[in-house]
Amino acid sequence: MPNLRDHATLHFIVLIWGFTAILGKLITIPAVELVFYRTLIAAILLGFVLVQRRQPFRLSTGAGLKMLGTGMLISAHWILFFASANVSTVSVCLAGMATATLWTSILDPLINWRRIAPFEVFIGLVIIVGLYVVFRFEFDHAVGLVLALVSAMLAALFTVINGRLIKKHNHTVITFYEMAGACLGCILFFPFYVRYFFPKRGLVLVPDAAIDWVYIGILAMVCTVYAYTVAVKLMTKFSPFAINLTVNLEPVYGILLAFLIFGDAEKMTTGFYIGTLIILLAVLAYPYLNKYFEDTKNAWKDRRAEKRAEKQALEKQNTTNQDPALETIKVNR
39 MPNLRDHATL
49 HFIVLIWGFT
59 AILGKLITIP
69 AVELVFYRTL
79 IAAILLGFVL
89 VQRRQPFRLS
99 TGAGLKMLGT
109 GMLISAHWIL
119 FFASANVSTV
129 SVCLAGMATA
139 TLWTSILDPL
149 INWRRIAPFE
159 VFIGLVIIVG
169 LYVVFRFEFD
179 HAVGLVLALV
189 SAMLAALFTV
199 INGRLIKKHN
209 HTVITFYEMA
219 GACLGCILFF
229 PFYVRYFFPK
239 RGLVLVPDAA
249 IDWVYIGILA
259 MVCTVYAYTV
269 AVKLMTKFSP
279 FAINLTVNLE
289 PVYGILLAFL
299 IFGDAEKMTT
309 GFYIGTLIIL
319 LAVLAYPYLN
329 KYFEDTKNAW
339 KDRRAEKRAE
349 KQALEKQNTT
359 NQDPALETIK
369 VNR
């Protein structure tokens, strides 16, 4: 049973994740180079953790390739995430990322071959209304919002894939390979990135300010390795429902932090906050509705099982009651 300290720790972890976009805004190097450093440092640190714990991390070729490929999806997600924060604002970036729940409700049934629940369609429509309101009042930030939406879609995709991987493999091993895959993805992307996107500028692997190295270290060690390790530990104390509900507060914490740190630069129109509020209410309602309909479905199954058991017991009783008469007929014959 989680205590008050556990609840505070969980919210602190979500606060750290909300701070990620702010770090991306503060760091001067571009998004691709930033993700390269973040994933490189995270992979090295997680490698040390695995060695220290003597956790075996050798995998079959197929499993290893799946995790490395998923890592490349993660690198694309983070690149678009930081690019969104840089070309627009942290608030716009986090508003777009709040749609990850919508993307998950679409992708999960497609990948895992399950039916789409009616309430998921309703939640999706509400989120679309919220996005329409944001786009209508913040069209100047349309590029940043589109980047965040694609980033949220990729986040939902690798989350669904991880849901399948975690059933067969250790979570730390998965993250190690995915961070390595994300770093490898950045390295493979570098030649195309330089040639087609920024041929004059080239790679920017050295930040303009020394403080950027501190920010990159915080991003990799605190926001990635530390936050992930503690979150996994908290999963042993909290239900998935409680975890997901709290994680949905990440955009709220991030937008508040961005306003406190950047001030008027993060001040948006009233329409933006109305649209974002619609999205957040839908996102926060999702786990409650999911739990309600899941409990209703299980209760309905239990009632059917009870009725089936009662029917079988009644049939058995009727058969037993008829047996003496049948035996009497046999004896008389």
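Just remember that my numbering sits 38 ahead of the position in the sequence shown, which is counted from 1.
Note that CB positions come from ideal geometry on N, CA and C, so glycine has one too.
Given the structure is predicted, the values throughout are model-derived calculations rather than measurements.
Residue i versus the options, residue with shortest Cα-Cα distance
i    : options                   : result
L72  : G255, P40 and G162        : G255
T267 : T284, M306 and V87        : V87
V263 : F235, L295, I212 and P237 : I212
I54  : L203, G240, G201 and Y291 : Y291
V181 : S122, L169, Y170 and A133 : S122
Cβ-based burial, residue i [other Cβ within 10 Å; buried from 16]
i    : result
L48  : buried
S244 : In the sequence under discussion, the amino acid at residue 244 is Val, which differs from the Ser named in the question. With fewer than 16 Cβ atoms within 10 Å of its Cβ, V244 is classed as exposed.
K368 : In this prediction, K368 has a pLDDT of 49, which is less than 50 and means its spatial position is unreliable; what the coordinates show is noted afterwards. K368 comes out exposed.
F120 : buried
I225 : exposed
G219 : buried
Y253 : buried
Y330 : exposed
L364 : Unreliable placement is indicated for L364, whose pLDDT of 48 sits below 50; the coordinate value is still reported in the next sentence. So L364 ends up on the exposed side.
F23  : What is shown of the chain runs 39 to 371, which leaves residue 23 out entirely.
G134 : buried
N41  : exposed
F236 : exposed
Inter-residue CB distance, residue i and residue j (contact presumed, cutoff 8 Å)
i    : j    : result
I317 : T137 : 7 Å
R174 : G85  : No, R174 and G85 are not in contact; Cβ-Cβ is about 47 Å, not under 8 Å.
V128 : I67  : With a Cβ gap of about 17 Å, V128 and I67 do not count as contacting.
G297 : E304 : In the sequence on display, residue 297 carries Phe and not Gly. Yes, F297 and E304 are in contact; Cβ-Cβ is about 5 Å, under 8 Å.
A193 : H115 : 5 Å
V188 : L118 : 5 Å
F196 : I79  : About 20 Å separates the two Cβ atoms, so there is no contact after all.
M306 : E216 : Wrong, their Cβ atoms sit about 33 Å apart, outside the cutoff.
R51  : A265 : Looking at the sequence provided, one finds Ile at residue 51 rather than Arg. About 5 Å; that satisfies the 8 Å criterion.
Opening and closing residue of the alpha helix (DSSP H) in which residue i lies
i    : result
E304 : Neither: E304 is in no alpha helix (DSSP H) and is coded neither H nor E.
C261 : Element bounds for C261: n/a, residue is neither H nor E.
P147 : A138 to N150
L78  : A69 to Q90
N124 : T99 to V125
P229 : H209 to F230
F50  : L42 to L64
E288 : E288 to F300
- Decide if the region 204-214 is in contact with the region 60-75; the criterion is three or more beta carbon pairs, one per stretch, under 8 Å apart. Touching, no.
- Message: Under 8 Å: do the region 102-110 and the region 212-226 share three or more Cβ pairs, one atom per stretch?
- Response: Contact holds: three or more Cβ-Cβ distances are below 8 Å.
- Any contact of the region 151-162 with the region 314-330, i.e. 3+ C-beta pairs under 8 Å? Result yes; three or more Cβ-Cβ pairs closer than 8 Å.
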